Amino acid sequence: MTASSLPIDYQHETNYRKIPRAYLDANIPLGRGIIKWAPFATLTEQFTRLKQLEHDQYKRSCPILSDDQLSELNYMLHLKLSSNEIASFHYWHNGLMTSIRGYIVKIHTQHQTLIVRNKHHTHETVVPLHTLYAIE
């Protein structure tokens, strides 16, 4: 029923619970239903882009080391290689600061890389020397 066909007592009533059922329209549209509660990232492209943006906010540029820092790194590198001690290697990879712990297998001067084996001797990692920024 439209507002004009309602009795005068109920024409300006805003609370439908106070209007008798006989005067109410039983044909109520369903609306959008559960769609309005869908998550923000509903498109897969949008979701992957948002995840990428979230990941990119933690990225940093490659650290630039001074000559003193480079000579200290070189000293620690040769010390850990000669003593065959386990060490922590901190390096920059794809915008993120990464760390690994292991033994130096080889310093490949021609390729400017460092090969590190984990403490269980099960996995080797190749670290470019120009990305290395600390050895502990």
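With the numbering used here, the residue at position 135 of the sequence shown is 123, and numbering never jumps. Beta carbons: idealized from backbone N, C-alpha and C, even for Gly. This structure is a prediction, so every number in the text was calculated from the model and none was measured.
query: Please classify residue 114 as buried or exposed, where buried requires at least 16 neighbouring CB atoms within 10 angstroms.; result: exposed
query: Which residues bound the beta strand (DSSP E) around residue 54?; result: Neither: residue 54 is in no beta strand (DSSP E) and is coded neither H nor E.
query: Going by DSSP in three states, residue 37 sits in which element: helix, strand or coil?; result: helix
query: Three-state secondary structure (DSSP) at residue 32?; result: helix
query: Would DSSP call residue 91 helix, strand or coil?; result: strand
query: Use the C-beta contact count for residue 83: other C-beta atoms within 10 angstroms, 16 or more gives buried, fewer gives exposed.; result: exposed
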